[in-house]
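Asks:
2 protein chains.
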Amino acid sequence: MEQTHELSERKLTILKAIIQNYLETGEPVGSRTLSKYTDLNLSSATIRNEMSDLEDLGYIIQPHTSAGRIPSDQGYRLYVDLLMEEKEQELGEMRDVMLEKADKLDKMLKQAAKTLAVNTNYATMISAPMNNRNTLKFIQLSQVDESQMVAVIVMGGNVIKNKMIDVEEELGNETLLKLNLLLNNTLNGMSIEAINLGLIARLKEQAGIHSKVVGDVLDAVAEAIHIEDDMEIYTSGATNIFKYPELRDNQSAEEIINAFEEKQQLAELVTEALASEEHNGIQVYIGEETPVKTMKDCSVVTATYELGEGMKGTIGIIGPKRMDYEHVMKSLKTLQSELDAIFYKDNNRKRE
Amino acid sequence: MEQTHELSERKLTILKAIIQNYLETGEPVGSRTLSKYTDLNLSSATIRNEMSDLEDLGYIIQPHTSAGRIPSDQGYRLYVDLLMEEKEQELGEMRDVMLEKADKLDKMLKQAAKTLAVNTNYATMISAPMNNRNTLKFIQLSQVDESQMVAVIVMGGNVIKNKMIDVEEELGNETLLKLNLLLNNTLNGMSIEAINLGLIARLKEQAGIHSKVVGDVLDAVAEAIHIEDDMEIYTSGATNIFKYPELRDNQSAEEIINAFEEKQQLAELVTEALASEEHNGIQVYIGEETPVKTMKDCSVVTATYELGEGMKGTIGIIGPKRMDYEHVMKSLKTLQSELDAIFYKDNNRKRE
DNA sequence: GTTAGCACTCAAAACTTTCGAGTGCTAATA
DNA sequence: TATTAGCACTCGAAAGTTTTGAGTGCTAAC
Chain A
1 MEQTHELSER KLTILKAIIQ NYLETGEPVG SRTLSKYTDL NLSSATIRNE MSDLEDLGYI
61 IQPHTSAGRI PSDQGYRLYV DLLMEEKEQE LGEMRDVMLE KADKLDKMLK QAAKTLAVNT
121 NYATMISAPM NNRNTLKFIQ LSQVDESQMV AVIVMGGNVI KNKMIDVEEE LGNETLLKLN
181 LLLNNTLNGM SIEAINLGLI ARLKEQAGIH SKVVGDVLDA VAEAIHIEDD MEIYTSGATN
241 IFKYPELRDN QSAEEIINAF EEKQQLAELV TEALASEEHN GIQVYIGEET PVKTMKDCSV
301 VTATYELGEG MKGTIGIIGP KRMDYEHVMK SLKTLQSELD AIFYKDNNRK RE
Chain B
353 MEQTHELSER KLTILKAIIQ NYLETGEPVG SRTLSKYTDL NLSSATIRNE MSDLEDLGYI
413 IQPHTSAGRI PSDQGYRLYV DLLMEEKEQE LGEMRDVMLE KADKLDKMLK QAAKTLAVNT
473 NYATMISAPM NNRNTLKFIQ LSQVDESQMV AVIVMGGNVI KNKMIDVEEE LGNETLLKLN
533 LLLNNTLNGM SIEAINLGLI ARLKEQAGIH SKVVGDVLDA VAEAIHIEDD MEIYTSGATN
593 IFKYPELRDN QSAEEIINAF EEKQQLAELV TEALASEEHN GIQVYIGEET PVKTMKDCSV
653 VTATYELGEG MKGTIGIIGP KRMDYEHVMK SLKTLQSELD AIFYKDNNRK RE
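Residue numbers (the numbering used here), protein chains in the order written: chain A, 1 to 352; chain B, 353 to 704.
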């Protein structure tokens, strides 16, 4: 009798064949089909026996008596971890398209999501880089009119945030200058985490009579960097989900589409993906493994990209469990490195 | 024989009854059902005769022999224009929810779209106000580091735009001050259209050696106000579409969802809605009437809201043709005035 | 002009049949 | 002992059939 973990060569071959066939057709695959498909010439009967074993071991499932077998989550997992050979696949034009739009971060990410969706036929999402442990680069406080000021906060990676601040009375020009100087001297180059209560108290003290304004500015900073609720997420191809009957018929398709519209659940996915540092940042969630229950009938593949300066974003692909893992992972890797390249260039700001 | 346009009182009553019943049930309605429903006590036979006439006149349709009748586009149109009595309906809590978020325009609009979607059970969209013939309120140019500057542009309605500008060499402090003064003095309070080539040339001339930076800033202004391609549109409840079988079964549901994701088509809708100035800004498109072919099986109701200062946005509700027009129009009006009120308050900036 | 009555239509729902891919088991074979 | 051929059996899906009932149009009576 075999170890749970030690499958015979032949069982592996058969399992792989089952999964690959199922990936293509989406239909349960039976013994007869396989008896031709595999290289080792075996009769359907023998294969039936092996399949029976594989089912006992939990790698495949019979949706109902006398149907073929389909891979279980466990089966997919084995496939992704061991059996898959990565496909060489071109995603060439992506870089060109993206470069055209590279001046506007959001445009570019939208475009990237779209390209990826078109290329894979799955639903895709990209989160804008998050200013996690990011640094402040520049703060500017300006008087707009007698009762309003605007705070401009530039962070590493040139992410700009604004905040309108209401004030009781107009601050004089020199006061403003002094405040700006104070803020910049104290805060510039600081990482977000480094701004603690002690520092804030000290700053307010130094601001003297204008401590309220300083407080407001710091609130603005805090708000600007607050992650979860204004995490920008761009999606594309949500309706691709409909292409896969096993999802469409389930009602789960609707829920997924909804998740794509509401984006809240996608944000959780991003958080999860960023948290779990996998090798080269690619993570595969199969079925129940996914952090978002809505997608328990799907597979989710995520990758993270980085802008240096600790800013990270996430790319995600959501599709049926029988998604083409090889293609997807290849595409993700390509996109990942494209983004890295573009941002690297951008950070070194050698435009034209 | 009757005029095409002059329907007898009784025919009108019957038509109205048919439509109202169909709005509720979504099923074709037959003569027998009506013979009880209407106040004028008529036998099903009589009603059958009248219905036959109404069908000849094009107001109702028989989906197939021996089914009941459903309203035609023409029938709906008559209903919306003449027959409908507006329902009194509460949308009370909307204001409160929105006020909480009023500090962030995008958050608020998102919230408004969501509330509307939940309230109506249709798909909704809101376009952020467009700075059509809007005015500049404040411009600030700041040096971020040796090779970069940031331009902050505040427009009427407190819409803030940013643009990073690369420069060859650092500008001195006084130079910056002078430039800012120049820009603000010249441009503040100006409407976008008023900034023409002559003005730009004059400005550049006055900037002397720094004309390039001024040019960049003006480009930034132009870009900031460029409409179409960064029209922000917030949507909610797209999946509500699935609640209506006549849309779900059609495949049109998928297309609509897609339109909601891509947003391009929604932008067209917004443009159209803004262009056609209807009385009090509410516009109803039934079936083929809609400017977006994707939605030819739906009805679309749009309203525009205004921030004073010529900034306008559009609210849209997309649902099945048998949508509850009264409720929808009432909700739209409420939201419209809420938005107007909030923005009015905001413009007069009397916070707390 | 209105209504009752009736024969007729037809989509949808329920039920039945057929089909075929798939299984498990057993006995024969290498 | 491992493999295979053969066969009876299962069961979902597809195709076909029947039933049901809401609806119609027409005609004749009120």
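All residues carry an ideal CB built from backbone N, CA and C; glycine is no exception. Nothing here was measured: the structure is a model prediction, and the numbers come from that model.
Can you list, in chain order, the residues of its chain whose CB lies under 8 angstroms from that of B:Lys685, leaving out five sequence neighbours each side?
Replies: Counted from its first residue, the second sequence places residue 685 of chain B at position 333. Only Asn632, Ile634, Ala655 meet the Cβ criterion.
Asks: Contact check, B:Thr642 vs B:Val652 under 8 angstroms by CB: the rounded distance?
Replies: Within the second sequence, numbered from 1, the residue matching residue 642 of chain B stands at position 290. Within the second sequence, numbered from 1, the residue matching residue 652 of chain B stands at position 300. Correct: roughly 5 angstroms between the Cβ atoms.
Asks: Please confirm whether B:Lys489 and B:Ala503 have their CB atoms less than 8 angstroms apart.
Replies: Residue numbering aside, residue 489 of chain B sits at position 137 when the second sequence is read from its first letter. Residue numbering aside, residue 503 of chain B sits at position 151 when the second sequence is read from its first letter. No, they are not a contact pair.
Asks: Return the CA-CA distance between B:Asn401 and B:Thr472, expressed in angstroms with no decimal places.
Replies: Position 49 of the second sequence, counted from the start, is the residue given in the question as residue 401 of chain B. Position 120 of the second sequence, counted from the start, is the residue given in the question as residue 472 of chain B. So the alpha carbons of these two residues sit roughly 36 angstroms apart.
Asks: As a quick exercise: from B:Asp405, B:Met507, B:Ala397, B:Ile371, pick the residue whose alpha carbon is nearest that of B:Ser360.
Replies: Numbered from 1 along the second sequence, position 8 holds the residue referred to as residue 360 of chain B. Checking every option, the nearest Cα to that of B:Ser360 belongs to B:Asp405.
Asks: Does DSSP put A:Leu356 in a helix, a strand or coil?
Replies: Here chain A has residues from 1 to 352 only, and residue 356 of chain A is not among them.
Asks: Assuming B:Ser588 contacts B:Ala465 under a Cβ cut-off of 8 angstroms, what Cβ separation, rounded to an integer in Å, is found between them?
Replies: Locating residue 588 of chain B in the second sequence gives position 236, where the first residue counts as 1. Locating residue 465 of chain B in the second sequence gives position 113, where the first residue counts as 1. With 8 angstroms as the limit, B:Ser588 and B:Ala465 qualify as a contact, their Cβ atoms being about 4 angstroms apart.
Asks: Which residues bound the beta strand (DSSP E) around B:Met542?
Replies: Mapped onto the second sequence, residue 542 of chain B falls at position 190. Counting along the chain, B:Met542 falls outside any beta strand (DSSP E), and DSSP gives it neither H nor E.
Asks: Assign A:Val284 to one of three DSSP states: helix, strand, or coil.
Replies: Translated into positions along the first sequence, residue 284 of chain A becomes position 284. Strand.
Asks: Would you mind stating whether B:Gln617 and B:Thr646 have Cβ atoms separated by less than 8 angstroms?
Replies: Counting from one through the second sequence, the residue named residue 617 of chain B turns up at place 265. Counting from one through the second sequence, the residue named residue 646 of chain B turns up at place 294. The answer is yes: Cβ separation under 8 angstroms.
Asks: Who are the Cβ neighbours of B:Glu442 in its own chain at under 7 angstroms, not counting the five residues just before and after it?
Replies: Stepping through the second sequence from its first residue, residue 442 of chain B is reached at position 90. With a pLDDT of 49 at B:Glu442, under the threshold of 50, the modelled position of that residue is not reliable, and no figure is offered here.
Asks: So, does the CB of A:Gln140 fall closer than 8 angstroms to a CB anywhere in chain B?
Replies: Numbered from its first residue, the first sequence carries residue 140 of chain A at position 140. Yes, A:Gln140 lies at the interface with chain B (some Cβ there is under 8 angstroms from its Cβ).
Asks: How long is the line joining the alpha carbons of B:Phe594 and A:Ile257, rounded to whole angstroms?
Replies: By 1-based counting over the second sequence, the position of residue 594 of chain B is 242. By 1-based counting over the first sequence, the position of residue 257 of chain A is 257. So the two alpha carbons sit approximately 11 angstroms from each other.
Asks: By the 10 Å Cβ neighbour count, where 16 or more other Cβ atoms means buried, how is B:Ile366 classified, buried or exposed?
Replies: Taking the second sequence and counting its residues from 1, the one referred to as residue 366 of chain B is at position 14. Buried, since its Cβ has 16 or more Cβ neighbours within 10 Å.
Asks: Please list, in chain order, the chain B residues whose beta carbon lies closer than 8 angstroms to that of A:Thr235.
Replies: In the first sequence, counting from the first residue as 1, residue 235 of chain A sits at position 235. Neighbours of A:Thr235 on chain B, chain order: Glu613.
Asks: Does the distance from the C-beta atom of B:Ile669 to that of B:Leu468 stay below 8 angstroms?
Replies: Within the second sequence, numbered from 1, the residue matching residue 669 of chain B stands at position 317. Within the second sequence, numbered from 1, the residue matching residue 468 of chain B stands at position 116. Contact: yes.
Asks: Skipping 5 residues on each side, what residues in its chain have a beta carbon closer than 6 angstroms to that of A:Gln336?
Replies: Counting from one through the first sequence, the residue named residue 336 of chain A turns up at place 336. Same-chain partners within the cutoff: Ala303, Tyr305.
Asks: Express the C-alpha separation of A:Ala222 and B:Ile491 in angstroms, rounding to a whole number.
Replies: Taking the second sequence and counting its residues from 1, the one referred to as residue 491 of chain B is at position 139. Taking the first sequence and counting its residues from 1, the one referred to as residue 222 of chain A is at position 222. Spanning the two alpha carbons is a distance of roughly 24 angstroms.
Asks: Alpha helix (DSSP H) containing A:Lys114: first to last residue?
Replies: Against the first sequence, residue 114 of chain A aligns to sequence position 114. Counting along the chain, the alpha helix (DSSP H) containing A:Lys114 begins and ends at 105–120.
Asks: If I measure Cβ to Cβ from A:Asp56 and keep anything under 6 angstroms in the same chain, skipping five residues before and after, which residues do I get?
Replies: Within the first sequence, residue 56 of chain A is the residue found at index 56, counting from 1. No residues qualify anywhere along the chain.
Asks: In whole angstroms, what is the alpha-carbon distance linking B:Ala572 and A:Gly75?
Replies: One-based indexing of the second sequence puts residue 572 of chain B at position 220. One-based indexing of the first sequence puts residue 75 of chain A at position 75. Rounded to whole angstroms, B:Ala572 to A:Gly75 spans 54 angstroms at the Cα level.
Asks: Over what stretch of residues does the alpha helix (DSSP H) that includes B:Thr646 continue unbroken?
Replies: Locating residue 646 of chain B in the second sequence gives position 294, counting from the first residue. No alpha helix (DSSP H) holds B:Thr646; DSSP gives it neither H nor E.
Asks: Just checking my contact of A:Arg69 with A:Met51 at CB under 8 angstroms: how many whole Å lie between their CB atoms?
Replies: Mapped onto the first sequence, residue 69 of chain A falls at position 69. Mapped onto the first sequence, residue 51 of chain A falls at position 51. Sure, about 6 angstroms apart at Cβ, within 8 angstroms.
Asks: So which of B:Val565, B:Ser387, B:Ile638 has the shortest CA-CA distance to B:Leu535?
Replies: Here residue 535 of chain B refers to the residue found at position 183 of the second sequence. The candidate whose alpha carbon is nearest that of B:Leu535 is B:Val565.
Asks: Following the continuous alpha helix (DSSP H) through B:Lys615, name the residue where it begins and the one where it ends.
Replies: As a first step, residue 615 of chain B is located in the second sequence; it is residue number 263 there, counting from the start. From DSSP, B:Lys615 is part of no alpha helix (DSSP H); its letter is neither H nor E.
Asks: Please classify B:Ala559 as buried or exposed, where buried requires at least 16 neighbouring CB atoms within 10 angstroms.
Replies: Position 207 of the second sequence, counting from 1, holds the residue named residue 559 of chain B. It counts as buried.
Asks: When you compare each of B:Val506, B:Leu621, B:Met583, B:Ile561 to B:Gly541 by their alpha carbons, which one comes out closest?
Replies: Here residue 541 of chain B is taken as the residue at index 189 of the second sequence, counted from 1. The shortest C-alpha separation from B:Gly541 is found at B:Val506.
Asks: Return helix, strand or coil for B:Glu658, following the three-state DSSP convention.
Replies: Sequence index remark: in the second sequence, residue 658 of chain B carries index 306 (1-based). Strand at B:Glu658.
Asks: Using the Cα positions of A:His327 and A:Tyr122, report the straight-line distance between them to the nearest angstrom.
Replies: The residue you call residue 327 of chain A lines up with position 327 of the first sequence. The residue you call residue 122 of chain A lines up with position 122 of the first sequence. Cα to Cα, A:His327 sits roughly 11 angstroms from A:Tyr122.
Asks: Out of A:Ser31, A:Arg77, A:Ile209, A:Tyr59, state which residue places its alpha-carbon closest to the alpha-carbon of A:Ser66.
Replies: Residue numbering aside, residue 66 of chain A sits at position 66 when the first sequence is read from its first letter. Measuring from the Cα of A:Ser66, the nearest candidate turns out to be A:Ser31.
Asks: Please go through the same chain and pick out, in chain order, the residues whose beta-carbon is closer than 7 angstroms to the beta-carbon of A:Glu100, but skip the five residues on each side of it.
Replies: Locating residue 100 of chain A in the first sequence gives position 100, counting from the first residue. For A:Glu100, the predicted structure reports a pLDDT of 48, less than 50, and the residue's modelled location is therefore unreliable. A value from the coordinates is still provided. Nothing meets the Cβ criterion.
Asks: Work out the CA separation of B:Cys650 and B:Met681 for me, nearest whole Å.
Replies: The sequence position of residue 681 of chain B within the second sequence is 329, counting from 1. The sequence position of residue 650 of chain B within the second sequence is 298, counting from 1. Those two C-alpha atoms are separated by around 16 angstroms.
Asks: How is the beta strand (DSSP E) around B:Tyr596 delimited, first residue to last?
Replies: To locate residue 596 of chain B, count along the second sequence from 1; it is residue 244. Per DSSP, B:Tyr596 belongs to no beta strand (DSSP E) and is neither H nor E.
Asks: Just checking my contact of A:Ile286 with A:Asp73 at CB under 8 angstroms: how many whole Å lie between their CB atoms?
Replies: Taking the first residue of the first sequence as 1, we reach residue 286 of chain A at position 286. Taking the first residue of the first sequence as 1, we reach residue 73 of chain A at position 73. That pair is a contact at about 5 angstroms.
Asks: Between the C-alpha atoms of A:Met231 and B:Leu599, what's the straight-line distance to the nearest angstrom?
Replies: Residue mapping note: residue 231 of chain A aligns to position 231 of the first sequence, counting from 1. Residue mapping note: residue 599 of chain B aligns to position 247 of the second sequence, counting from 1. A:Met231 and B:Leu599: Cα-Cα distance of roughly 33 angstroms.
Asks: In chain order, what are the residue ranges of uninterrupted alpha helix (DSSP H) at least 4 long that sit wholly in the segment 353–430 of chain B?
Replies: Listed in chain order, the complete alpha helix (DSSP H) runs (minimum 4 residues) inside the segment 353–430 of chain B are 361–377, 383–389, 396–408, 425–430.
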